[in-house]
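Chains A and B, in that order, are what the protein sequence lines are. Residue numbers for the first sequence follow the numbering used here, beginning at 5 and rising by one. Residue numbers for the second sequence follow the numbering used here, beginning at 5 and rising by one. Please read the structure below before turning to the comments.
There are 2 protein chains.
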Amino acid sequence: MAPRKPRVRKPNGADARLRRTADATGNTDVDYGPLENWIGFHLRLAQTASFQAFTREAKGMALRPGRFATMLLIGRNPGISQTALSRANSRDKSTLSPVLDDLERRKLIKRVRPKNDRRSYRLELTPAGESMLKELTACAERHDRNLDSIIGPRDREQFLGTLRKLIAELS
Amino acid sequence: MAPRKPRVRKPNGADARLRRTADATGNTDVDYGPLENWIGFHLRLAQTASFQAFTREAKGMALRPGRFATMLLIGRNPGISQTALSRANSRDKSTLSPVLDDLERRKLIKRVRPKNDRRSYRLELTPAGESMLKELTACAERHDRNLDSIIGPRDREQFLGTLRKLIAELS
DNA sequence: ACGAGATGGTTTTAGTACCAACGATCGCGC
DNA sequence: GCGCGATCGTTGGTACTAAAACCATCTCGT
Chain A
5 MAPRKPRVRK PNGADARLRR TADATGNTDV DYGPLENWIG FHLRLAQTAS
55 FQAFTREAKG MALRPGRFAT MLLIGRNPGI SQTALSRANS RDKSTLSPVL
105 DDLERRKLIK RVRPKNDRRS YRLELTPAGE SMLKELTACA ERHDRNLDSI
155 IGPRDREQFL GTLRKLIAEL S
Chain B
5 MAPRKPRVRK PNGADARLRR TADATGNTDV DYGPLENWIG FHLRLAQTAS
55 FQAFTREAKG MALRPGRFAT MLLIGRNPGI SQTALSRANS RDKSTLSPVL
105 DDLERRKLIK RVRPKNDRRS YRLELTPAGE SMLKELTACA ERHDRNLDSI
155 IGPRDREQFL GTLRKLIAEL S
């Protein structure tokens, strides 16, 4: 996100003499207006940047980064239901179904029907899932250490605290 | 996202006497493990929470929140090309095409072929687009003031600064 | 028991996103 | 002029997401 080393190039179309606002490269002199100072916008940029970085970090991994939190939460909460998992992970339960289908097909998790509630599943990692999780965890730790080094230890706690406040307050 | 007012309900299936880790409500006692302290995870939660809040704020608006930054950037940079816009907005240019198709179909923007470069378009708001943007801007201002009140004026600058650092550093 | 209402999981639909590949066009060196 | 390489916008493929409709099942009041 935010073009890495944008490499300024001569605009080919619009001519800079007339309209400062509309060159074709759009690398530097774009007017962001109020966006410049809006939290929501920067939150989105930072999130996608972080996600992209994680994706690069997890390159060659057998599991896409999106699966990671899912696996970890199952590992930490064996027997959790799909609905509870979806809430913990802040995704709609309908999003989870196909993901779990895939993980189950790959023998990384198990879906067990409890006797007392035949609607729900109890989710568990298989041994293969456990070791996959270990790999991913190492990867995610590298990623988060990277973020930490960008933020710096001094700001980290406050930053995390503010994120938590936002999450809690926006329900 | 994150069901607003989760409304604690008695677990129907799993029984809390035996497994503290696996009740069906999943509201409070989920073990997040290392996720608890990872920046990336909280960044995602905060971003989606903010996005959802914005969606609620813009309820009944004719435009989805995702369109907002697009409209604003066109309004601020009349004549901008699609590629430049996609970079400014940090999205792939291919994502933009169908969005602009829609906005154009609704007569909110115009695509003008410049004479000197018949590959590109110069994007502009129509008068209808302008007034739509005004509405959305008011809406976004309410939203961002809301975020501000959660964060508090003391932490705001540092928080924004950290977001900017992350965005810049992760390219 | 029994029926109304709530809950768990799936499916469908629609929106959003990236990447790779493509045709059209442009710029530049020759 | 000519042609190579780059750029602009689009398309096709894949992936992820939420919302709503749906069925099966469970809970609870009566």
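Cβ coordinates follow ideal geometry from the N, Cα and C atoms, glycine included.
Euclidean distance between Cα positions of residue i and residue j
i	j	result
Trp42 (chain B)	Lys111 (chain A)	27 Å
Glu161 (chain A)	Ile171 (chain A)	15 Å
Arg91 (chain A)	Pro69 (chain A)	18 Å
Thr53 (chain A)	Lys169 (chain A)	Per the sequence shown, residue 53 (chain A) should be read as Ala rather than Thr. So the two alpha carbons sit approximately 21 Å from each other.
Asp105 (chain B)	Arg71 (chain B)	12 Å
Tyr36 (chain B)	Lys114 (chain B)	48 Å
Leu140 (chain B)	Lys119 (chain A)	51 Å
Arg158 (chain B)	Arg158 (chain A)	16 Å
Phe55 (chain A)	Asn81 (chain A)	24 Å
Val103 (chain B)	Arg109 (chain B)	10 Å
Pro38 (chain A)	Lys97 (chain B)	23 Å
Gln51 (chain A)	Lys63 (chain B)	24 Å
Residue i versus the options, residue with shortest Cα-Cα distance
i	options	result
Ala117 (chain A)	A:Gln86, A:Phe72, A:Gly165	According to the sequence shown, residue 117 (chain A) is Arg rather than Ala. With distances taken between Cα atoms, Arg117 (chain A) lies closest to A:Gln86.
Ser146 (chain A)	A:Arg48, A:Leu127, A:Ala57, A:Asp33	Residue 146 (chain A) is actually Arg in this sequence, not Ser. Minimum Cα distance to Arg146 (chain A) is reached at A:Ala57.
Gly79 (chain B)	A:Glu128, A:Val34, A:Asp148, A:Thr59	A:Val34
Gly156 (chain A)	B:Asp159, B:Asp148, B:Thr166, B:Asp152	B:Thr166
Thr59 (chain A)	A:Arg158, A:Ala144, A:Ser153	A:Ala144
Leu151 (chain B)	B:Glu61, B:Tyr36, B:Glu40	B:Glu61
Glu40 (chain B)	A:Leu49, A:Asp148, A:Gln51	A:Asp148
Ala73 (chain A)	A:Ile154, A:Ser153, A:Ala142, A:Arg158	A:Ala142
Leu107 (chain B)	B:Lys97, B:Asp96, B:Thr130, B:Pro82	B:Thr130
Ser124 (chain A)	A:Lys63, A:Ser101, A:Pro38	A:Ser101
Leu137 (chain A)	A:Met65, A:Lys97, A:Asp96	A:Met65
Per-residue DSSP class, three states only, for residue i
i	result
Leu129 (chain A)	strand
Lys114 (chain B)	strand
Arg11 (chain B)	Any reading at Arg11 (chain B) is ruled out, since the residue's pLDDT is 30, under 50, leaving its predicted position unreliable.
Arg23 (chain A)	Residue placement at Arg23 (chain A) is poorly supported in this model, since its pLDDT is 35, which falls under 50; the coordinates still yield a value, given next. Coil, per DSSP.
Thr166 (chain B)	helix
Residue i burial status per 10 Å Cβ neighbour count (16 or more: buried)
i	result
Thr99 (chain B)	exposed
Asp27 (chain B)	Confidence at Asp27 (chain B) is low in this model, with a pLDDT of 37, below 50, so its placement is unreliable and the value that follows should be read with caution. Buried.
Gly44 (chain A)	buried
Gly262 (chain B)	What is shown of chain B runs 5 to 175, which leaves residue 262 (chain B) out entirely.
Ser153 (chain B)	exposed
Beta carbon of residue i nearer than 8 Å to that of residue j
i	j	result
Leu174 (chain A)	His46 (chain B)	no
Leu76 (chain A)	Ile84 (chain A)	no
Leu89 (chain A)	Leu127 (chain A)	yes
Ser94 (chain A)	Leu49 (chain B)	yes
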